[in-house]
Amino acid sequence: MQEPTRMLSVRDAFGIDTDLEVPAFAERCEHVPAIDAAYRFNPQATLAILAGFAHNRRVVVQGLHGTGKSTHIEQVAARLNWPCVRVNLDGHISRLDLVGKDAIVLEEGKQVTRFQEGILPWALQRPVALVFDEYDAGRPDVMFVIQRVLERDGSFTLLDQKKVLQPHAHFRLFATMNTLGQGNLSGLYHGTQLLNHAQLDRWNLVTSLDYLPPAEEAAIVLARVPQLATPPGREQVAAMVALAALTRKGFAVGDLSLLMSPRTVITWAENTQIFHDLRLAFELSFLNKCEPAERAIVAEYFQRCFGSELARHGEAADAGLLQAH
Ligand SMILES: Nc1ncnc2c1ncn2[C@@H]1O[C@H](COP(=O)(O)OP(=O)(O)OP(=O)(O)O)[C@@H](O)[C@H]1O
Ligand SMILES: [Mg+2]
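Heads up, the sequence shown is in the UniProt record's numbering, so the first residue is 1 and it goes up one at a time.
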């Protein structure tokens, strides 16, 4: 793999008013994420992530689900041509997956045992940004393996191999998580763990992504589903975003146990294009995930935002609104 060869002005490349410059690679290799031209950067999060790349800081992006944490890091990497690999630290990832294990391989026709390095030693020795997604869901054995690498020049000992690995000068480490490491306080994130404070302490920068102002969220949806960028389409998207905002409010006051994330709004808009039916798409994208007891509340939100009933599919054939475009 190559090395970064040029410095990119953050002001020019990301339109953020800062003198920060960040190294970039000349060429894209297979691990560089594809650029998503419709992606909208959040200046504070972008700056934190860029500082992570430029100054080898360990950066955590925290926020509710579907707010764009994982893709934010990926999209910054994409613009620096920086190879970026995501690992989902769900409860199934074990220490051996991360570090590596002995495996039987064929060599000159004979079966021999060889150590196959895991993703962590692999990435550590390369100019790669490693992103641990769902960091707060990682198992304790995994977290202790990561702890050592979190220090900037943290070397990494492969115990079984009696080898000490030095990190590559352009190895970077990021994490995303839904909680702040205090466990499942909101009840939304089952499977998250309390993070050890010594562990949290090793992250140098923490940035949060929250839901965006409605106009911004609508712009993201329109960028994703450009077919809706007509006057009635825009109106429809504004109502969809308003409905999502109501579910978030309802969730905050305890009326609902589920909320619509920006990801759900995008999915709903995309599904509308598949079914040519706003309501059916809504049912399939969100309503069917709700507890039956809460569907009436959601239906009322729908009525408020669209000015018409969310009749069950089939019963609504008369309401010319079924073809919502
Ligand atoms: N600022 C944005 N601009 C464009 N698209 C966005 C933006 N934020 C989120 N999205 C889109 O929303 C979806 C969800 O984003 P992403 O997977 O990064 O969320 P997340 O915060 O990592 O969620 P989770 O907590 O569930 O992992 C993606 O399809 C992404 O492209
Ligand atoms: Mg994510």
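Yeah, the Cβ is synthetic: ideal placement off N, Cα and C, and Gly gets one too.
- Pull every residue with its beta-carbon under 6 Å away from any heavy atom of ligand 2, and keep them in chain order. The filter returns 69, 70, 133, 176, in chain order.
- Query: By Cβ distance below 8 Å, which residues in the same chain neighbour residue 51 in space, the five residues on each side in sequence not counted?
  - Reply: Cβ neighbours of residue 51 within its own chain (closer than 8 Å, five residues either side excluded): 20, 57, 59, 205.
- Task: Give me the Cα-Cα distance between residue 180 and residue 219, rounded to the nearest whole angstrom.
- Result: Roughly 28 Å separates the two Cα atoms.
- Message: Closer than 8 Å is the cut-off here; do at least three beta carbon pairs connect the stretch 123–137 with the stretch 167–183?
- Response: yes
- For residue 7, the three-state DSSP class (helix, strand or coil): strand
- On the three-state DSSP scale, how would you describe residue 207? Residue 207 carries a strand assignment under DSSP once its states are collapsed to helix, strand and coil.
- Do the stretch 198–215 and the stretch 59–68 meet, that is, are 3 or more Cβ pairs less than 8 Å apart? yes
- Query: Whose C-alpha, out of 257, 256, 254, 216, is nearest the C-alpha of residue 238?
  - Reply: Residue 216 is the option with its Cα nearest to residue 238.
- Item | Straight-line Cα distance separating residue 232 from residue 325 | Reliability of the predicted coordinates at residue 325 is poor, the pLDDT of 43 falling under 50, and no value is obtained from them.
- Query: Are at least three pairs of beta-carbons, each pair with one atom in the stretch 267–287 and one in the stretch 69–80, less than 8 Å apart?
  - Reply: Output reads no: the stretch 69–80 does not touch the stretch 267–287.
- Per DSSP, residue 249 is paired with what? Answer by DSSP bridge pairing: none, since residue 249 is not bridged.
- Message: According to DSSP, is residue 16 part of a helix, a strand, or is it coil?
- Response: Reduced to three states, the DSSP call for residue 16 is coil.
- Query: Beta carbon of residue 297, beta carbon of residue 259: below 8 Å?
  - Reply: no
- Task: Kindly examine ligand 1 and report whether one of its heavy atoms sits closer than 7 Å to the Cβ of residue 67.
- Result: yes
- Roughly how many whole angstroms lie between the Cα atoms of residue 229 and residue 222? Near 6 Å, if we compare the C-alpha coordinates of residue 222 and residue 229.
- Please classify residue 2: is it buried, with 16 or more other beta-carbons within 10 angstroms of its beta-carbon, or exposed? Within a 10 Å sphere around the beta-carbon of residue 2 sit fewer than 16 other beta-carbons, which makes this residue exposed.
- Please classify residue 171: does DSSP put it in a helix, a strand, or coil? coil
- Message: Excluding the 5 residues flanking residue 191 on each side, which residues of the same chain have their C-beta closer than 7 Å to its C-beta?
- Response: 91, 137
- Query: With respect to the alpha helix (DSSP H) encompassing residue 279, which residues constitute its N-terminal and C-terminal limits?
  - Reply: 278–285
- Taking the alpha carbon of residue 201 as the point to measure from, which residue in 94, 250, 150, 300 has its own alpha carbon closest? 150
- Limits of the beta strand (DSSP E) - the one that residue 156 falls within: Run containing residue 156: 156–158, per the beta strand (DSSP E) assignment.
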